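Asker:
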Amino acid sequence: MRAEFPELARHYYRANRLWSASYFAGSVGGAPLTVLRQYIEQQNRPV
Numbered sequence: 000m001r002a003e004f005p006e007l008a009r010h011y012y013r014a015n016r017l018w019s020a021s022y023f024a025g026s027v028g029g030a031p032l033t034v035l036r037q038y039i040e041q042q043n044r045p046v
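The letter at position 1 of the sequence shown is residue 0 when you use numbering that gives the first Met the number 0, and the numbering goes up by one with no holes.
As structure tokens, then:
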């Protein structure tokens, strides 16, 4: 992934990994995919 997305390296150079050891599980209660996609796209992204 580092070869394909070199811009990621500057965000994770100290930990030397892309993901943390955290875990997430969630449910959307049958919401349509279009609604979920819109929600995700409107979330703030880290700088």
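Think of the CB as a built atom: it goes at the ideal place given N, C-alpha and C, for glycine as much as any other residue. Values in this document were obtained by computation on a predicted structure and should not be read as measured data.
1) Taking the C-alpha atoms as reference points, what is the distance between valine 79 and glycine 25?
2) Look up alanine 37 in the DSSP assignment and say whether it is helix, strand or coil.
3) I'd like the list of long-range same chain contacts for glycine 75, defined as Cβ closer than 7 Å, with 5 residues on each side in sequence excluded.
Answerer: The relevant details are as follows:
1) Any question about residue 79 goes unanswered here, given that the chain covers just 0 to 46.
2) Per the sequence shown, residue 37 should be read as glutamine rather than alanine. DSSP places glutamine 37 in helix when its eight states are reduced to three.
3) Since the first residue shown for the chain is 0 and the last is 46, residue 75 is missing from the structure and cannot be characterised.
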